[in-house]
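Below you'll find the structure, written out as structure tokens, and then a few comments.
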Amino acid sequence: MVENKFTYQTISGVPEQKVLDELLHLYDVLFDDARLDFFVDRINTKEDLVTILCYHNNVLVGFKLGYKYDQITLYSWVGGVLPEYRKQGIAQKLMELQHQCAKEKEYKKVRTKSMNRFKPMIILNLKNGFDIIQVYTNDSKQTKIIFEKNL
């Protein structure tokens with residue numbers, strides 16, 4: 001699918017190695033606390049993995065990954081857009097495509113987590129009908145906000 005100058009792709013299951021390498025690189029660039037081993041392990045072990053990709057001139061500039069949380073819920077796990085491509089609607093489109101895919105797979109809800117340092121993601125979630133259902137502090141002393149949305 002082409003949206004303006006961007007091409008979007010949806011992949012069900014573990015992506016092929018070339019795509020996985022692109023994802024690993026982008027994940028590493030976007031997140032200063034990236035743990036590549038954890039990222040790969042989760043991709044290879046989670047059930048019903050859904051990957052939404054955004055390319056510009058055949059270069060991966062954004063992604064969104066999710067997987068089965070329970071029988072009725074898709075967990076939107078991680079995603080991001082390169083800084084120079086932000087504020088162009090890419091994150092919004094990635095979310096829309098993920099939710100469309102979740103509906104096609106007959107999920108009834110989407111759940112995600114964020115942290116206060118990712119304010120644009122919090123705003124995007126709230127603008128798209130997510131509710132805050134819980135806030136907690138994990139073992140690493142990070143405050144996490146859990147969002148959920150009925151599809």
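If you're matching positions, the sequence shown starts at 1 in my numbering and goes up one per residue. Idealized CB from N, CA, C, for every residue including glycine.
- According to the DSSP assignment, residue 111 belongs to the beta strand (DSSP E) that extends over 109 to 114.
- Here the region 101 to 116 lies against the region 70 to 81, with 3 or more beta-carbon pairs under 8 Å apart.
- Counted as a single uninterrupted DSSP element, the alpha helix (DSSP H) harbouring residue 43 occupies residues 36 to 45.
- Our two residues, residue 80 and residue 27, have alpha carbons roughly 8 Å apart in a direct line.
- Assignment of residue 104 by DSSP, reduced to helix, strand and coil, places it in the helix class.
- Comparing alpha-carbon positions, the option among 135, 139 and 151 lying closest to residue 145 turns out to be 135.
- When DSSP states are grouped into helix, strand and coil, residue 131 belongs to the strand group.
- An exposed status is given to residue 36, since fewer than 16 other beta-carbon atoms sit within 10 Å of its beta-carbon.
- Ranked by how close their Cα comes to the Cα of residue 11, the residues 52, 104, 61 and 57 have 52 in first place.
- Secondary structure at residue 49: coil, using DSSP grouped into helix, strand and coil.
- Assignment of beta-bridge partners to residue 80 by DSSP yields 63.
- In the three-state scheme derived from DSSP, where H, G and I count as helix and E and B as strand, residue 145 is classed as strand.
- Just so you know, the alpha carbons of residue 94 and residue 137 end up roughly 28 Å apart.
- Looking at the DSSP output, residue 12 sits in a beta bridge with 50.
- The distance from the Cβ of residue 118 to that of residue 54 is about 18 Å, inconsistent with a contact at the 8 Å cut-off.
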